[in-house]
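K.L.:
If you read the sequence shown in this note's numbering, its first letter stands for residue 9, the second for the next number, and so on. Note that CB positions come from ideal geometry on N, CA and C, so glycine has one too. Here it is: the structure, laid out below.
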Amino acid sequence: LATIYSYRIDESTVSYNTSDGCSDDIDVSYDRPETAQYDMSKINLGNWSASSDYFNNWTPLYEGIRAATTFMQHIRSNKEMVANGETERIEQYYNEARFLRAYFSFLILRQYGPIVLVKDELIPPDAESSHPQMQMMRSPYDECVDWIADELDAAAEGLPFHFTDQLSTDYG
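Here it is, written out as structure tokens:
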């Protein structure tokens with residue numbers, strides 16, 4: 009589960025906030041060497057093209073979606089947790105992963121438009137680009153929004169309403 013959380017994008021920094029250019033920060037030219045220069049500054053200076061790899065969140069977010077789906081498909085059969093009677097924790101973890109998967113899907117939708125909805129399908133990580141599952145089409149925008157909203161609603165039902173409602177051992 010911690011690995012799934014690691015795929016979150018830190019939007020609090022100039023380096024990763026794709027909306028920063030919609031603010032007055034677009035005019036800020038940060039004095040950084042080329043290797044550490046902020047993407048927004050590069051765009052502001054005109055140093056970009058169709059092949060620029062700025063704010064490339066497609067791959068890491070889909071990696072997070074895959075990690076969440078894999079986790080969701082296996083957490084309920086975790087022998088140690090089942091043997092310890094941790095069904096409540098299993099369900100919480102399942103729904104945290106479900107929320108993150110929907111959230112990552114939202115972030116892709118927000119940045120790129122309609123997305124490929126893989127839902128509960130696991131595509132082999134070593135699939136060739138010619139593999140049929142690697143050629144899936146993007147879903148219609150409304151279908152993407154509906155699926156994300158449904159997933160968030162379903163995850164909310166299995167999550168504590170407030171952090172004080174969590175298990176007493178969940179300090180993080």
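Quick check on ARG106: buried or exposed, where buried means 16 or more other Cβ atoms within 10 Å of its Cβ?
P.N.:
Within the sequence shown, numbered from 1, the residue matching residue 106 stands at position 98. It counts as buried.
K.L.:
Among LEU167, LEU9, PRO122, which has the Cα closest to the Cα of THR77?
P.N.:
Position 69 of the sequence shown, counting from 1, holds the residue named residue 77. Comparing Cα-Cα distances from THR77 to each of LEU167, LEU9, PRO122, the minimum goes to LEU9.
K.L.:
Return the chain-ordered ranges of every alpha helix (DSSP H) run that is complete within the segment 122–165 and spans a minimum of 4 residues.
P.N.:
Qualifying alpha helix (DSSP H) stretches, in chain order: 149–165.
K.L.:
Could you spell out the range, first to last residue, of the alpha helix (DSSP H) harbouring PHE79?
P.N.:
On the sequence shown, residue 79 is found 71 positions in, with the first residue counted as 1. Unbroken alpha helix (DSSP H) run through PHE79: 66–82.
K.L.:
Could you work out which residue in TYR62, LEU117, GLN100, GLU88 is closest to GLU151 when comparing CA atoms only?
P.N.:
Position 143 of the sequence shown, counting from 1, holds the residue named residue 151. Considering only alpha carbons, the answer is LEU117.
K.L.:
Contact between the segment 148–167 and the segment 121–133 is defined here as three or more beta-carbon pairs at a separation below 8 Å; is this criterion met?
P.N.:
Output reads yes: the segment 121–133 touches the segment 148–167.
K.L.:
Just to confirm, are ASN92 and GLY166 a CB contact at a threshold of 8 Å?
P.N.:
Here residue 92 corresponds to residue number 84 of the sequence shown, with the count starting at 1. Here residue 166 corresponds to residue number 158 of the sequence shown, with the count starting at 1. Taking 8 Å as the Cβ cut-off, ASN92 and GLY166 do not qualify as a contacting pair.
K.L.:
Name the two residues that bound the continuous alpha helix (DSSP H) containing ALA91.
P.N.:
Translated into positions along the sequence shown, residue 91 becomes position 83. Where ALA91 is concerned, the enclosing alpha helix (DSSP H) stretches over 87–91.
K.L.:
Any idea what DSSP makes of ILE197, helix, strand or coil?
P.N.:
There is simply no residue 197 to check, as the chain begins at 9 and stops at 180 in what is shown.
K.L.:
Cα separation between GLU94 and TYR101?
P.N.:
The count along the sequence shown starts at 1 and reaches residue 94 at position 86. The count along the sequence shown starts at 1 and reaches residue 101 at position 93. Each residue's Cα considered, the two are about 11 Å apart.
K.L.:
Pop quiz: ILE83 and SER113 are said to be a contact at Cβ under 8 Å. What is the actual Cβ separation, rounded to whole angstroms?
P.N.:
If you number the sequence shown from 1, residue 83 lands on position 75. If you number the sequence shown from 1, residue 113 lands on position 105. At roughly 19 Å, the Cβ-Cβ gap does not stay under 8 Å, so ILE83 and SER113 are not in contact.
K.L.:
Distance, Cα to Cα, ASP154 vs ALA110?
P.N.:
Your numbering for residue 154 matches position 146 in the sequence shown. Your numbering for residue 110 matches position 102 in the sequence shown. Rounded to whole angstroms, ASP154 to ALA110 spans 11 Å at the Cα level.
K.L.:
Which residue's Cα is closest to the Cα of GLU71: THR11, GLY121, TYR62?
P.N.:
Taking the sequence shown and counting its residues from 1, one reaches residue 71 at position 63. Considering only alpha carbons, the answer is THR11.
K.L.:
Pick helix, strand or coil for GLU103, following the three-state DSSP scheme.
P.N.:
Numbered from 1 along the sequence shown, position 95 holds the residue referred to as residue 103. According to the sequence provided, residue 103 is Asn. The question's Glu does not apply to it. Helix.
K.L.:
Which whole-angstrom value describes the C-beta separation of SER85 and PRO122, a residue pair presumed to lie in contact below a C-beta threshold of 8 Å?
P.N.:
Walking along the sequence shown from the start, residue 85 turns up at place 77. Walking along the sequence shown from the start, residue 122 turns up at place 114. With 8 Å as the limit, SER85 and PRO122 do not qualify as a contact, their Cβ atoms being about 33 Å apart.
K.L.:
Are LEU69 and LEU115 closer than 8 Å when you measure CB to CB?
P.N.:
If you number the sequence shown from 1, residue 69 lands on position 61. If you number the sequence shown from 1, residue 115 lands on position 107. Yes, these two residues count as a Cβ contact at 8 Å.
K.L.:
Which class does ALA110 belong to by DSSP, given the choice of helix, strand or coil?
P.N.:
In the sequence shown, counting from the first residue as 1, residue 110 sits at position 102. In this structure, ALA110 counts as helix in the three-state DSSP scheme.
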